[in-house]
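Structure, as structure tokens:
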Amino acid sequence: MQANFGKVVMLPEQFYRGQSDLPETLSVLNEVLSQVAYHRENVIKTGQPELELFEE
């Protein structure tokens with residue numbers, strides 16, 4: 004994820020300068036957004052466990 008984050012910071016700037024094409028820029032942006040959304044949901048789930056194993 005860190006490698007893609009670095010790339011996603013550079014790609015929009017390169018895209019606007021005409022140094023990166025649309026499909027590559029969108030692909031990397033979509034990948035990073037997907038990874039961030041995945042981790043966001045995992046963090047939310049830590050506060051709301053799905054299964055109570057040892058209820059008292």
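Quick note on this note's numbering: the sequence shown kicks off at 4 and runs consecutively. Backbone N, C-alpha and C fix where the C-beta goes; we use that ideal spot for every residue, glycine too. Remember, it's a predicted structure, so these values are computed and weren't measured experimentally.
DSSP places SER23 in no alpha helix (DSSP H); its state is neither H nor E. Cβ-Cβ distances below 7 Å link GLU34 to ASN7 in the same chain, with the five nearest sequence neighbours on each side left out; the list follows chain order.
LEU14 is classed as buried because its beta carbon has at least 16 other beta carbons within 10 Å across all chains shown.
Note that the C-beta distance between LYS10 and VAL31 is below 8 Å.
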